[in-house]
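Enquirer: Heads up: the sequence shown begins at 1 in full-length UniProt numbering, then just goes up one per residue. Note that beta-carbon positions come from the ideal geometry of N, C-alpha and C, so glycine has one too. Got a structure here, written out as structure tokens. Questions coming.
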Amino acid sequence: MGHNTTGTGDTGGLSRRQYLTGASIGAVAASVAVTGCLGGARDENTIVMTGDTDFEGAMRGDDADASIQEALWDAGLDDDITVEVQASVDDTDQRMQQYQSTLQAGRSPPDIFMMDSGWTLPFILREQTTSMTEVLPNDVLERVEEDYLDASLETARHPQTGELHAVPLFPDFGTMQYRRDLVEDAGYDTSDWDEDPPSWEEFAEAAADARDEAGIDFGYTTQAASYEGLSCCTFNEVMTTWGGAYFGGTDTLFEAGERSITVDSEPVLDSIRMMRAFIHGDDDPHALDGYPEIAPSTIVQWTEEEARGPFAAGNAVMHRNWPYSIGISGAEEEFGEDLGVMPMPYAVS
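Here it is as structure tokens:
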């Protein structure tokens, strides 16, 4: 991929090219950023990046003196160079399609773009991104390699060369959030759940008992709509707690091409049967025995916020979501100390 090497002519500050080199470390997405320098921005002194809607506000700031743009100038970026943030759609599937259309059409902006870690490899394999070895100084690249989480870095590596094509912004991982007060009122000890979660069987029993004891509608809410979040995350989490996987072991997790397909293995099927029991109860002929009905059938239409709604309203006991929702539900005016958070329950250990 070509690079725009246009500078400002002022050797006392950072040129556009130098900024792209440094900014690559900060441009990121839901979990990982794919950085592409596509050449020829609309203005040779404008760096165009895309990101979530809150990036624009952070870049400019309500107070110009406190903006990121101002901080960049103070740090040595040429005064002629500005960073323009284009807000992209929040939905990860739509965001991927938007970037794909932009890159395939050869349009120049963005120079740097946010990308969900679930979509990085196809862009890397289509050679639509830039190796970080070409744009990051060695000391910065070494810091990324040494200090960042390996699991996040692996989603940004070229499967054949091992080179990084993106830099993680923040790790996102599934958490099981629950109403500690309701679960304990139902007779369960949650004192060690934050580090040692219960089995799925105990989890389901606690969710059902606490729901019935409190007289609310749902024991469990999660995201099960037909979208990228189901395949990459919510179902994948459940499947792996049973010992299942899409493509065998972790050694083939990020490979492209020929590899074993293991979605028809017994652990994967058991995880599906358990989720079916959560929706229909174990009387369903295709459900796994021993697991009560705790979730509404509407979870197959829910993404993050739809699933969070009943929990936030006090109408669900357990709720799977990302860390962002912990701060919301854990606020003093919401559940406060009555909110519990634990890792995913397990089926096999």
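State the DSSP-derived secondary structure class of Ile-47, mapped to helix, strand or coil.
Expert: By one-based count along the sequence shown, residue 47 stands at place 47. Strand.
Enquirer: Are the beta-carbon atoms of Val-83 and Gln-69 separated by less than 9 Å?
Expert: By one-based count along the sequence shown, residue 83 stands at place 83. By one-based count along the sequence shown, residue 69 stands at place 69. In this structure, Gln-69 lies closer than 9 Å to Val-83 by Cβ.
Enquirer: Of the choices Asp-111, Pro-137, Leu-253, Ala-210, whose alpha-carbon is the least far from that of Asp-181?
Expert: Looking up residue 181 in the sequence shown gives position 181. Comparing Cα positions, the closest option is Ala-210.
Enquirer: Alpha carbon to alpha carbon, how far is Gln-177 from Ser-67? Give it in angstroms, no decimals.
Expert: Taking the first residue of the sequence shown as 1, we reach residue 67 at position 67. Taking the first residue of the sequence shown as 1, we reach residue 177 at position 177. Distance between the alpha carbons of Ser-67 and Gln-177: 34 Å.
Enquirer: From the DSSP output, in three-state form, read off Tyr-99 for me.
Expert: Along the sequence shown, read from residue 1 onward, the residue named residue 99 stands at position 99. Tyr-99: helix per DSSP, three-state reduction.
Enquirer: Relative to the C-alpha of Ser-117, which residue among Gln-100, Arg-179, Pro-168, Gly-76 is closest?
Expert: Here residue 117 is taken as the residue at index 117 of the sequence shown, counted from 1. With distances taken between Cα atoms, Ser-117 lies closest to Pro-168.
Enquirer: Report the three-state DSSP secondary structure of Tyr-178 (helix, strand or coil).
Expert: Against the sequence shown, residue 178 aligns to sequence position 178. Three-state DSSP puts Tyr-178 in a strand.
Enquirer: Give me the residue from Ala-312, Met-344, Met-49, Pro-343 with the minimum Cα distance to Ala-331.
Expert: As a working mapping, residue 331 is identified with position 331 in the sequence shown. Looking at the Cα atoms, Ala-312 is the closest of the given residues.
Enquirer: Would you call the region 217-229 and the region 300-312 in contact, with 3 or more CB pairs under 8 Å?
Expert: Yes: the two stretches touch, three or more of their Cβ pairs being nearer than 8 Å.
Enquirer: Looking only at DSSP bridge pairs, what is Leu-149 linked to?
Expert: As a position in the sequence shown, residue 149 is number 149, starting the count at 1. Per DSSP, none; premise fails for Leu-149.
Enquirer: DSSP on Glu-84, reduced to helix/strand/coil?
Expert: Within the sequence shown, residue 84 is the residue found at index 84, counting from 1. Correct three-state label for Glu-84: strand.
Enquirer: Cα separation between Ser-24 and Asp-90?
Expert: Start at 1 with the first residue of the sequence shown, and residue 24 comes out as number 24. Start at 1 with the first residue of the sequence shown, and residue 90 comes out as number 90. Model confidence at Ser-24 stands at a pLDDT of 37, short of 50, so the residue's coordinates are unreliable; what they give is reported in the following sentence. Near 21 Å, if we compare the C-alpha coordinates of Asp-90 and Ser-24.
Enquirer: For Thr-50, tell me which candidate among Ile-326, Ala-71, Ala-87 has the shortest Cα-Cα distance.
Expert: Residue mapping note: residue 50 aligns to position 50 of the sequence shown, counting from 1. Out of Ile-326, Ala-71, Ala-87, Ala-87 has the C-alpha closest to the C-alpha of Thr-50.
Enquirer: Could you name the residues of the same chain whose beta carbon sits closer than 7 Å to that of Ile-272, not counting the 5 residues immediately before and after it, in chain order?
Expert: Here residue 272 refers to the residue found at position 272 when the sequence shown is read from its first residue. Correct list: empty, nothing qualifies.
Enquirer: Shortest alpha-carbon distance to Val-238 belongs to which of Arg-179, Gly-187, Met-344, Tyr-220?
Expert: Here residue 238 corresponds to residue number 238 of the sequence shown, with the count starting at 1. Checked all of Arg-179, Gly-187, Met-344, Tyr-220; the closest Cα to Val-238 is Met-344.
Enquirer: I'd like the span of the beta strand (DSSP E) that includes Asn-321, first residue to last.
Expert: As a position in the sequence shown, residue 321 is number 321, starting the count at 1. 316-321 is the span of the beta strand (DSSP E), which, as asked, contains Asn-321.
Enquirer: Does the separation of the CB atoms of Ala-207 and Asp-185 fall below 9 Å?
Expert: Counted from its first residue, the sequence shown places residue 207 at position 207. Counted from its first residue, the sequence shown places residue 185 at position 185. Result no, Cβ atoms of Ala-207 and Asp-185 do not sit closer than 9 Å.
Enquirer: Inspect the CB distances between the region 145-152 and the region 98-108 and report whether three or more fall short of 8 Å.
Expert: Short answer: they don't touch.
Enquirer: Can you tell me the Cα-Cα spacing of residue 354 and Asp-80, whole angstroms?
Expert: With the chain covering only 1 through 349, there is no way to say anything about residue 354.
Enquirer: Do the region 238-250 and the region 269-286 make contact, defined as three or more Cβ pairs closer than 8 Å?
Expert: Verdict: yes, contact present.
Enquirer: Check Tyr-346 in the structure and name its three-state DSSP category.
Expert: The count along the sequence shown starts at 1 and reaches residue 346 at position 346. It is a strand residue.
Enquirer: Can you pull the DSSP bridge partners for Arg-157?
Expert: Taking the sequence shown and counting its residues from 1, one reaches residue 157 at position 157. Answer by DSSP bridge pairing, in chain order: Leu-164.
Enquirer: Under a three-way DSSP split, which group does Val-238 fall into?
Expert: The sequence position of residue 238 within the sequence shown is 238, counting from 1. In the structure shown, Val-238 sits in a helix (DSSP, three-state: H, G or I).
Enquirer: Between the region 286-297 and the region 189-208, do at least 3 Cβ pairs fall closer than 8 Å?
Expert: The region 286-297 is in contact with the region 189-208.
Enquirer: Quick one: give me the first and last residue of the beta strand (DSSP E) that Ile-112 is part of.
Expert: On the sequence shown, residue 112 is found 112 positions in, with the first residue counted as 1. Run containing Ile-112: 112-115, per the beta strand (DSSP E) assignment.
Enquirer: Quick check on the burial criterion: 16 or more other C-beta atoms within 10 angstroms. Buried or exposed for Asn-321?
Expert: Mapped onto the sequence shown, residue 321 falls at position 321. Classification for Asn-321: buried.
Enquirer: Please report how far the alpha carbon of Ser-199 lies from the alpha carbon of His-158, in whole angstroms.
Expert: Translated into positions along the sequence shown, residue 199 becomes position 199. Translated into positions along the sequence shown, residue 158 becomes position 158. Whole-angstrom Cα-Cα distance: 36 Å.
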